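Going by my numbering, the residue at position 42 of the first sequence is 43; the numbering climbs one at a time, nothing skipped.
We put the beta carbon where it would ideally sit given N, CA and C, even for glycine.
Since the model is a prediction, treat every value here as computed from it, not as a measurement.
Notes for the one structure printed next.
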Amino acid sequence: MLKIYNSLARAKQDFVPITPGSVRMYVCGMTVYDYCHLGHARVLVVFDMVQRWLRASGLQVTYVRNITDIDDKIIKRAAENKESIAELTERFIAFMNEDALALGVEPPDHEPRATAYVPQMLALIGQLERNGLAYQAADGDVNFSVRKFAGYGRLSGKSIDDLRAGERVEVDAAKGDPLDFVLWKHARDDEPSWASPWGEGRPGWHIECSAMSSDLLGKHFDIHGGGQDLQFPHHENEIAQSEGAHRCRFVNYWMHNGFVRVADEKMSKSLGNFFTIREIVRKYDPEVLRFFILRAHYRSPLNYSETHLDDARQALTRLYTALKDVPAETPPVDWTAPHAQRFSQAMNDDFNTPEACAVLFELATELNRNRSPALAGQLRALAGVLGLLTRDAQAFLQAAPSSATGSGTDDAAEGIEALIADRAAAKKRRDYAEADRIRGELLAAGIVLEDGTAGTTWRRS
RNA sequence: GGCGCGAUAGCAAAGCGGUUAUGCACCGGAUUGCAAAUCCGUUGAGCCCAGUUCGACUCUGGGUCGCGCCUCCA
């Protein structure tokens, strides 16, 4: 039985889908005005892992991950770049897709863009107005009346009266209450806008997710995920909007992944201490990055440093090394095997990927002992559930750092093979000095030679 | 000020009221022309103070420290 930590309940709960056998899941994706950083990588990988495990568990999954392609920052950045909003967002959507692909993230079933859902947002705002929860302020903005929605603050554990609105950000004087949030912003001359019953304008940040999720998944669905920083106010406001409009339960299970940190501080755009995915992938294989993310529990903080990435690389190398000389075929998982059972138990315990990875390493040790092809298949199959160890072992071990695809075929390979041949000849005539010289030369270039019974192989150190 | 999370060996990171987590690094041995990889073995842990218990890293209470949210953020 799968247990999920539900942010709403602040406890692990048995996962019971609304419709037996199928799951509907919505995850807040990217605002596309810049490159994805490690924090984004974590959301992408974590919910990809969740989605994979749900499917591996035999559930039929509908996974929606939205794209925010209209908001203040996008407008600002497009203006700075002197380009259209569409040009800006299209470019970064393409970059995001490249990053996701490199990280082994499977495409979601739906990737709705906010700008394509304005009619649905307007309908939702209209419904909120009819339900007495929305009002148009003097400045033309349509706001949500937070105090009229019972239960506001339940997800984030906040009491309305304790919220210090205005302490850190100036309160909009036109709002009926400082805590009220915007559903529809009145148009300004230099900004894009859409026609609406409340005049020309553009959507507030939160309304898009309420509109897209209900359109694609229905008014009531199973799982809603996102980064911890979205719990308040974004997700709290989504609940208010969706439940306020539809008058029914919105989401059963709320999942929030922990932050990525740098030197014990949250990685964020505003702090400027972020590393982009493509920046990291220039130096580390993307699979190392995926493994780095998955070897920590999704709710724990994840401290980023190159030392930790080096460590992850070494660990992943051990796994691939175990698979080096066994046939690269991935049979279906034999879930009755003891290792698979432990793996499954770990994953069913709120997606305990660190424990699941530990099983992988135990499997590797056993495989190193007996070189059983069946065991190798099992290792590949289980790791495959996490989206790991999907490549040819040799290709991974020989992949150049910058080769994001990990194809393993680069120009250096021929030269290396030639030197290996020279060294073999030297060894044959017992010229060990020359053999060691070649070994040293390659080692200095980051190439490790390994003499085996079947000849010499190489890998990158 | 309100609310929440965490503290595990050199580093990273899990489970568990009593039995080896796991990975990296380290040490000894096997193996190797030398290596690397691998195997075998050793070392090493649970912030502090109380309490519960036959027994606590694991439960309870208090403290200390760190982090986060209350503003845009994944």
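**Study point:** Which residues DSSP lists as bridging Thr457, in chain order
**Key:** Asp452
Practice item. Taking only the alpha-carbon atoms, compute the straight-line gap between Thr63 and Val51 and give it to the nearest angstrom. Key: Distance between the alpha carbons of Thr63 and Val51 is about 12 Å.
Point to revise | DSSP bridge partner residues for Gln61 (one or two, in chain order) | key: Ser23
Exercise for review: Have a look at Phe1 and Gln14 and give me their C-alpha separation to the nearest angstrom.
Suggested key: Shown here, the chain extends from 2 to 462; a query on residue 1 therefore has no answer.
Review point. In the DSSP assignment, what residue or residues form a beta bridge with Ile5?
Key: Gln14
Practice item. Count the other CB atoms, across all protein chains shown, that sit within 10 Å of the CB of Ile240; report buried if there are 16 or more and exposed otherwise. Key: buried
Practice item. Check whether the stretch 341-358 touches the stretch 62-77, taking contact to mean three or more Cβ pairs, one atom from each stretch, closer than 8 Å. Key: no
Point to revise | contact_flag[the stretch 149-167, the stretch 217-228] where n(CB pairs < 8 Å) is 3 or more | key: no
**Study point:** Alpha-carbon spacing of Gly409 relative to Thr322, whole angstroms
**Key:** For Gly409, the predicted structure reports a pLDDT of 43, less than 50, and the residue's modelled location is therefore unreliable. A value from the coordinates is still provided. Roughly 15 Å separates the two Cα atoms.
Review point. Nearest to Pro179 by alpha carbon, out of Gly205, Gly158, Asn144 and His221?
Key: Per the Cα distances, Asn144.
**Study point:** Cβ separation of Trp54 and Ile126, assumed to be a contact under 8 Å, to the nearest whole Å
**Key:** That pair is no contact at about 36 Å.
Check your understanding: Just how far apart, CA to CA, sit Ala10 and Leu156?
Key -> 8 Å
**Study point:** CB of Asp350 within 8 Å of CB of Lys83, strictly
**Key:** Contact flag unset, no.
Practice item. Using the DSSP secondary-structure output, state which residues sit across from Tyr254 in a beta bridge. Key: Ile224
Exercise for review: Taking Leu443 as the reference, give the member of Ala434, Leu420 and Glu435 with the closest Cα.
Suggested key: Per the Cα distances, Leu420.
Exercise for review: Identify whether Met348 lies in helix, strand or coil by the three-state DSSP scheme.
Suggested key: helix
Check your understanding: I think Glu280 touches Leu272, with their Cβ atoms under 8 Å apart; what is that distance to the nearest whole Å?
Key -> Approximately 16 Å separates the beta-carbon atoms of Glu280 and Leu272; this is outside 8 Å, ruling out the contact.
Exercise for review: Look at Pro18 and Asp312 and say whether their C-beta atoms are less than 8 Å apart.
Suggested key: With respect to the 8 Å criterion, Pro18 and Asp312 are not classified as neighbours on the basis of their beta carbons.
Check your understanding: By Cβ distance, which residues of its chain are closer than 6 Å to Ala427, with the 5 residues on each side in sequence left out?
Key -> Glu435 and Ala436
Check your understanding: With C-beta atoms as the reference, is Met97 less than 8 Å away from Val33?
Key -> Yes, the Cβ-Cβ distance between Met97 and Val33 is below 8 Å.
Exercise for review: Within the stretch 60-113, note down every full alpha helix (DSSP H) run reaching 4 residues or more, in order along the chain.
Suggested key: Those alpha helix (DSSP H) runs which fall completely within the stretch 60-113 and span 4+ residues are 73-82 and 86-103.
Review point. Are Gly105 and Arg66 closer than 8 Å when you measure CB to CB?
Key: no
Check your understanding: In three-state DSSP terms, what is Ala135?
Key -> strand
Check your understanding: Per DSSP, what kind of secondary structure is Arg283 in: helix, strand or coil?
Key -> coil
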